[in-house]
Amino acid sequence: MSKPIVVGINGSAGSEAALTWALERAARQKAPVVCVHAVDDRWMSPDFQYHELIRESGMELLEKAKANAKNQAPEVDVDVQLRHGSPGSALREASKDAILVVVGGHDKHWMDGGPMTDRALQIVSASDSPVAVVPAQGSAGKSGVVVGVDGSEESLQAVAFAAAEADRGGDELTVVLAFRSPARWVERQLPESGLAETIVEEDRIVLAESVAGLGDKYPDLVVHQRLETDTEPAKALVDIARGARLLVVGSRGRGGFSRLVLGSTAHAVLLNVPCPTVVTRVHKVKHGD
434 MSKPIVVGIN GSAGSEAALT WALERAARQK APVVCVHAVD DRWMSPDFQY HELIRESGME
494 LLEKAKANAK NQAPEVDVDV QLRHGSPGSA LREASKDAIL VVVGGHDKHW MDGGPMTDRA
554 LQIVSASDSP VAVVPAQGSA GKSGVVVGVD GSEESLQAVA FAAAEADRGG DELTVVLAFR
614 SPARWVERQL PESGLAETIV EEDRIVLAES VAGLGDKYPD LVVHQRLETD TEPAKALVDI
674 ARGARLLVVG SRGRGGFSRL VLGSTAHAVL LNVPCPTVVT RVHKVKHGD
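In case it helps, our numbering puts the sequence shown at residues 434 to 722.
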């Protein structure tokens with residue numbers, strides 16, 4: 434049997450959208466789906482009188498999800514798993530045998546003036562497979578695939594994933610490289626340096642190299658290159674992908690520290706998911722400190 438698409442289930446509108454999105458993908462790829470719900474019972478005593486009630490509630494949630502899945506996509510083989518521990522830990526274990534993990538987009542709550550998200554960021558950080566984060570509104574009526582690049586090996590993996598996805602779906606692919614231009618005071622300290630122009634030219638080359646070979650591999654794929662020269666990468670990706678069917682980003686970029694699993698751009702994008710967004714983790718790449 435082929436590896437499954439794993440879907441995190443928690444009863445929210447986001448997880449329902451994630452299940453619908455996963456089923457559509459599974460039907461196209463002829464892959465099974467496994468719905469996973471985690472009972473976080475780490476704080477419970479074995480003698481806790483409601484322990485079994487909580488477990489039964491979790492199974493009811495999974496059975497409901499399975500019934501909904503069968504109604505939506507009867508041709509897809511759907512299984513359910515009730516796991517124990519934190520959602521991040523449970524989905525990390527499930528991701529080891531999955532082709533993709535799918536979770537609903539985070540909910541924002543406000544505490545002390547700042548946003549506090551749910552488990553989506555933890556799941557993306559911990560997963561051994563690519564992770565799709567699907568907002569509650571889904572991607573109905575949208576088209577096109579957007580991918581962010583920066584010249585890193587991870588971003589090239591993201592391009593490979595995005596190009597294959599766009600070609601399968603008959604979508605156009607937009608490859609985006611964005612950066613913030615040097616502050617004016619920096620340029621004033623370097624008269625006649627042409628610093629900004631040099632950066633633009635170097636990144637134009639990086640952008641072109643990122644799509645090199647796609648025309649040979651996917652001769653019918655339409656590829657657009659966008660160089661955003663005065664925008665933070667995450668903001669550029671979120672704005673450009675608002676009308677897209679899918680956004681793809683690498684787990685870390687060329688500025689990432691070797692000990693960080695999730696880079697700052699991917700982190701910022703996941704706080705403002707504009708459409709179904711895949712964070713790739715095709716294979717591990719070693720970084721120098």
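Yeah, the Cβ is synthetic: ideal placement off N, Cα and C, and Gly gets one too.
It should be emphasised that the depicted structure is a prediction, and the values quoted were computed from it without experimental measurement.
Residue i: first and last residue of the uninterrupted alpha helix (DSSP H) it sits in
| i | result |
| --- | --- |
| GLU457 | 446 to 462 |
| ALA611 | Here ALA611 belongs to no alpha helix (DSSP H); instead the beta strand (DSSP E) covers 606 to 611. |
| VAL702 | 697 to 703 |
| VAL592 | 586 to 602 |
| ILE673 | 666 to 673 |
| ASP649 | 647 to 650 |
Span of the beta strand (DSSP E) around residue i
| i | result |
| --- | --- |
| VAL536 | 533 to 537 |
Residue i Cβ short of 8 Å to the ligand PLP heavy atom set
| i | result |
| --- | --- |
| GLU496 | Only the bare structure without any ligand can be found here, which leaves the ligand PLP out of the picture. |
Bridge partner(s) assigned by DSSP for residue i
| i | result |
| --- | --- |
| ARG516 | ALA471 |
| GLU661 | ALA611 |
| VAL581 | Val is not the amino acid found at residue 581; the sequence shown has Gly there. Paired residue(s): VAL609. |
| VAL567 | GLY537 |
| LEU680 | VAL579, THR710 |
| VAL440 | CYS468, VAL535 |
| VAL633 | The partner list for VAL633 (beta bridge, DSSP) is empty, contrary to what the question assumes. |
| VAL511 | VAL466 |
| VAL656 | LEU606 |
Span separating the alpha-carbon of residue i from that of residue j
| i | j | result |
| --- | --- | --- |
| GLY574 | ILE638 | 34 Å |
| GLY547 | LEU704 | Below a pLDDT of 50, predicted positions are generally treated as unreliable, and GLY547, at 35, falls in that range; the measurement from the model is reported next regardless. Taking the straight line joining both Cα atoms gives about 12 Å. |
| VAL536 | PRO520 | 11 Å |
| GLY538 | LYS499 | 20 Å |
| VAL440 | LEU486 | 23 Å |
| LEU378 | LYS463 | Summary: the structure shown does not reach residue 378, with the chain confined to residues 434 through 722, and so no result is reported for it. |
| ARG613 | VAL633 | 10 Å |
| PRO437 | LYS497 | 19 Å |
| ALA460 | ASP663 | 41 Å |
| ASP473 | ASP530 | 22 Å |
| LEU589 | THR698 | 15 Å |
| VAL509 | THR453 | 12 Å |
| GLU630 | MET492 | 59 Å |
| HIS517 | SER576 | 38 Å |
| VAL706 | VAL469 | 22 Å |
| GLY581 | LEU456 | 26 Å |
| ALA677 | VAL579 | 7 Å |
| SER572 | SER490 | 30 Å |
| ASP512 | GLU598 | 25 Å |
| ASP649 | ALA595 | 16 Å |
| GLY602 | HIS700 | 27 Å |
| SER445 | ALA527 | 20 Å |
| VAL734 | PRO507 | Residue 734 cannot be examined here, being either before or after the span of the chain that is shown, 434 to 722. |
| SER522 | ALA591 | 24 Å |
| SER691 | GLY447 | Confidence at SER691 is low in this model, with a pLDDT of 40, below 50, so the placement of that residue should be treated as unreliable; the coordinate-derived value is given next. Roughly 32 Å separates the two Cα atoms. |
| SER427 | LEU640 | For residue 427 there is no data in the structure shown, the boundaries of the chain being 434 and 722. |
| ALA611 | LEU660 | 6 Å |
Expected contact under 8 Å - CB spacing of residue i and residue j to nearest Å
| i | j | result |
| --- | --- | --- |
| LEU524 | ILE442 | At roughly 10 Å, the Cβ-Cβ gap does not stay under 8 Å, so LEU524 and ILE442 are not in contact. |
| GLY683 | THR713 | 6 Å |
CB contact below 9 Å: residue i versus chain C
| i | result |
| --- | --- |
| ARG488 | This model lacks chain C altogether; it includes just one protein chain. |
Worksheet item: Is there contact between the stretch 663 to 675 and the stretch 559 to 572, where contact requires at least three CB pairs shorter than 8 Å?
Response: Remark: fewer than three beta-carbon pairs, one from each stretch, lie closer than 8 Å, so the stretch 663 to 675 and the stretch 559 to 572 are not flagged as touching.
Worksheet item: When the Cβ atoms of the stretch 651 to 660 are set against those of the stretch 599 to 606, are three or more pairs found closer than 8 Å?
Response: At 8 Å Cβ cutoff, the stretches touch.
Item to complete: Taking 8 Å as the threshold, find out whether the stretch 552 to 563 comes into contact with the stretch 502 to 513 through three or more Cβ pairs.
Response: In short, these stretches do not touch, since the Cβ pair count stays below three.
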